[in-house]
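Residue 97 in numbering that gives the first Met the number 0 is what sits at position 98 of the sequence shown, and the numbering runs on without skipping anything. Note that CB positions come from ideal geometry on N, CA and C, so glycine has one too. Since the structure comes first, as C-alpha cells, the remarks are kept for the end.
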Amino acid sequence: MHNSKKTISTARGVALVRAIEMTRPASQRVASDPYAHRFCNPLSVQGMRLVNALGISRLIGVEPMMNFAIVRERAIEALMQRELADGLGQIVILGAGYDTRAYRLGTDVPVFEVDHPLTQANKREALKGVVDPLPQNVRFVGVDFDHDDLGERLSAEGFDAHKRTLFVWQGVTMYLTAAGVDHTLAFVANRAAAGSVIVFDYYDNREVSQGGGATIRFFTALMGEKTTFGIDAGDIEGFLTRRGFVDVQDDGPEAMARPYFTGPNAGRPMAPGVHIATARVP
Ligand SMILES: C[S@@+](CC[C@H](N)C(=O)[O-])C[C@H]1O[C@@H](n2cnc3c(N)ncnc32)[C@H](O)[C@@H]1O
C-alpha cells in the first residue's frame, strides 16, 4: 500500500464500522469503542446505519464483513487483556490506524502504535480535547512498511527486544505484498523475546481465489483498497512454523463468532473465508 490517502481511507472505514456498532443499545454491542465516531463523518454513520436497518448491507454482502470487523475487534481486545494479565512487557500495534484500545486498556506497559505518519497525524488531531493528553505509555512510531525498517524505527522509540511482546496486526495483511508480510513476520520471529505472541487476521486464499471472495473484494473496494494478500487457511500452521513460530492457533468465521454472536446477536452473519491466527515466538 503506497498511497497514503488510501491508507487513511481503510483506517477510516474500520472506524466507521466501530462507530455504527456504538449506535446499538449498550447491551447489544459486541465491541465498544467510544472514540470511533471522532474519525468519521456523522452523516456516514447515520447513512450506513440506515442502509443496515433497511437490510441493504446484508443484501449486498457488506454486513457480514462489518460483523467480522466487530468480532475481530472484540476477540483481539480479549487476547490483549489476557496477555496483559499474564505478565506482558509491551504491546506493538502494527498498522494501528484509528484503533483506540491503547487508551482504554488501563495498562502502564508501553504500547507502540505503528502506522503511516499521515494516519497518525490525523488520529492525534481527531483526539485533541478528547483523549488529551494521550497516555504516557503510548508511543507513536511512524513507519511506511513498504520502505522503512520496522526494527530500526521501533528501537528508536524504545522497543525492548528482551520484553515479552504482543504484536497486534489487525486488518492489515490483506493490503500488503507477500514480501511485506514476510518482512514483518521475520522481524517478530527473529527479534522478539521468547514467548512473544503475534495475532493477525487474514483472508483464506482458497476462498478469495475460488470466486467465493466476492464479498471480501467488494468490501475492500468500498474502502478504497484492493485485496493483495491471502494465505491458504488449510496450511496456516505450516505457513507460520516455516517462518519460525510455534503454537499456531487459527479461528475461521464460525469459531470466531461463536462466543459473541449469542442472545440478541445470534444470527448476525459472518463473512466466509476470514480468519484470525495467533502464534508464539519459541
Ligand atoms: C484497514 S486499516 C486497519 C487499522 C486498524 N488496525 C484497525 O483495525 O482499526 C489498515 C491500516 O494499515 C496501515 N497501513 C497499510 N499499509 C501501510 C504501509 N505501507 N505503511 C504504513 N501503514 C500502513 C494503514 O495506514 C491503516 O491504518
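Query                                                                                                                                                                              : Result
Keeping to the same chain, check which residues put their C-beta closer than 7 angstroms to that of lysine 225; ignore five residues upstream and five downstream.                 : Thr219
For tyrosine 202 and glycine 229, which I take to be in contact (beta-carbon distance under 8 angstroms), what is that distance rounded to the nearest angstrom?                   : 4 angstroms
Drop a sphere of 10 angstroms on the beta-carbon of threonine 176, count the other beta-carbons inside from all chains shown, and report buried for 16 or more, exposed for fewer. : exposed
Please report the straight-line C-alpha distance between valine 164 and leucine 53, rounded to a whole angstrom.                                                                   : The displayed chain sequence assigns threonine, not valine, to residue 164. For threonine 164 and leucine 53, the distance between alpha carbons rounds to 43 angstroms.
Only counting the same chain, and skipping five residues up and downstream in sequence, which positions put a Cβ closer than 8 angstroms to that of glutamate 236?                 : Val247, Asp249
Taking C-beta to C-beta, are alanine 68 and valine 29 nearer than 8 angstroms?                                                                                                     : no
Would you check if the segment 66–82 and the segment 125–144 touch, i.e. whether three or more CB-CB distances between them fall below 8 angstroms?                                : no
Does at least one heavy atom of ligand 1 sit under 7 angstroms from the Cβ of valine 245?                                                                                          : no
Can you tell me which residues form a DSSP beta bridge with histidine 182?                                                                                                         : For histidine 182, which the question treats as bridged, DSSP gives no partner whatsoever.
Thinking C-alpha only, which one of Arg241, Ser8, Val44, Gly60 is nearest glycine 96?                                                                                              : Ser8
Taking C-alpha atoms, which residue in Ile75, Ser26, Met47 lies nearest to histidine 355?                                                                                          : The structure shown does not extend to residue 355, since the chain is modelled only from 0 through 281, so no value can be given for it.
Given that a residue counts as buried once 16 or more other Cβ atoms are within 10 Å of its Cβ, and exposed if not, what is glycine 170?                                           : buried
Helix, strand or coil: which one does DSSP assign to isoleucine 59?                                                                                                                : coil
Use the C-beta contact count for proline 281: other C-beta atoms within 10 angstroms, 16 or more gives buried, fewer gives exposed.                                                : exposed
Pull the bridge partners of histidine 274 from the DSSP assignment, please.                                                                                                        : Tyr201
Compute the minimum distance between the beta carbon of valine 13 and the heavy atoms of ligand 3, and state whether it is under 7 angstroms.                                      : In the structure on display, ligand 3 does not appear, and the ligands it does have are ligand 1.
Using C-beta distances below 7 angstroms, list every residue in its chain close to glutamate 82, excluding the 5 sequence neighbours before and after it, in chain order.          : Leu165, Val196
Go through the segment 239–271 residue by residue and report every complete run of the alpha helix (DSSP H) that reaches 4 residues or more, in order.                             : 252–256
Considering only heavy atoms of ligand 1, does any lie closer than 7 angstroms to the CB of threonine 277?                                                                         : no
For histidine 1, which three-state DSSP category applies?                                                                                                                          : Low confidence applies here, because histidine 1 scores a pLDDT of 46, under 50, leaving its location unreliable and the question unanswered by this model.
Under the assumption that alanine 178 contacts glycine 243 (Cβ atoms under 8 angstroms), give the Cβ distance between them as a whole number of angstroms.                         : That belief does not hold up - the Cβ atoms of alanine 178 and glycine 243 are roughly 17 angstroms apart, past 8 angstroms.
Do valine 198 and isoleucine 92 come within 8 angstroms of each other at the CB atom, strictly closer than that value?                                                             : no
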